[in-house]
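Engineer: Using this note's numbering, the first residue of the sequence shown is number -18, and each one after it goes up by one. C-beta atoms are modelled at their ideal positions from N, C-alpha and C, and glycine is treated no differently. In this text the structure is predicted, and so the values were computed from the model without any measurement.
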Amino acid sequence: RRAAELRKEMTPQELVLWSALKGKQLGVKFRSQHAIGPYITDFCCIKAKLIIEVDGSQHLDQAAIEERTAYFQSRGYRVLRFWNNQITQDLNGVIITIQEALT
-18 RRAAELRKEM TPQELVLWSA LKGKQLGVKF RSQHAIGPYI TDFCCIKAKL IIEVDGSQHL
42 DQAAIEERTA YFQSRGYRVL RFWNNQITQD LNGVIITIQE ALT
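What follows is the structure, encoded as structure tokens:
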């Protein structure tokens, strides 16, 4: 899909985080809306085997979240999850957490 189409599907918080991840700003390439098995990740760095998920009120099904996370982990990925309000209120803290996971 085209980048403009993907941006239309992102939440405002995903757009904010994507603006900090794209273009190897953290030293590695992230993909947005990357498919792994039956799931679409919010953001994925294949090289670092790191997935970043942005959760809001649409992600209240804890069992589904745990199943999804277990699937990614079974394929060797680490998963970081951030709530929308974390990105809105503390983007710098979110970026620091991601950078720490990359090192």
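Please determine, among Leu83, Ile46, Ile76, Thr84, the residue with the shortest C-alpha to C-alpha distance to Trp(-1).
Structural biologist: Among Leu83, Ile46, Ile76, Thr84, the Cα nearest to that of Trp(-1) is on Ile76.
Engineer: Counting only the same chain and skipping the five closest in sequence on each side, list residues whose C-beta sits under 7 Å from that of Thr69.
Structural biologist: Gln(-6), listed in sequence order.
Engineer: Given this structure, state the Cα-to-Cα distance separating Gln6 from Gln80, to the nearest angstrom.
Structural biologist: Straight-line Cα distance between these residues: approximately 10 Å.
Engineer: Which residue comes first and which comes last in the beta strand (DSSP E) that contains Val75?
Structural biologist: Looking at the DSSP string, Val75 is not in any beta strand (DSSP E); the run it does join, the alpha helix (DSSP H), is 72 to 83.
Engineer: Buried or exposed for Thr22, please, with buried defined as at least 16 other CB atoms from any protein chain shown within 10 angstroms of its CB.
Structural biologist: Result: buried.
Engineer: Comparing C-alpha positions only, which one of Val9, Ile32, Gly4 sits nearest to Ala16?
Structural biologist: Considering only alpha carbons, the answer is Ile32.
Engineer: May I ask whether a heavy atom of the ligand GDP can be found less than 7 Å away from the beta carbon of Gly18?
Structural biologist: In terms of ligand content, the structure shown is empty, and the ligand GDP therefore cannot be addressed.
Engineer: Put Tyr58 into one of helix, strand or coil per three-state DSSP.
Structural biologist: Tyr58 falls in the coil class under three-state DSSP.
Engineer: For a test of the three-state rule: what should DSSP assign to Leu(-4), helix, strand or coil?
Structural biologist: Helix at Leu(-4).
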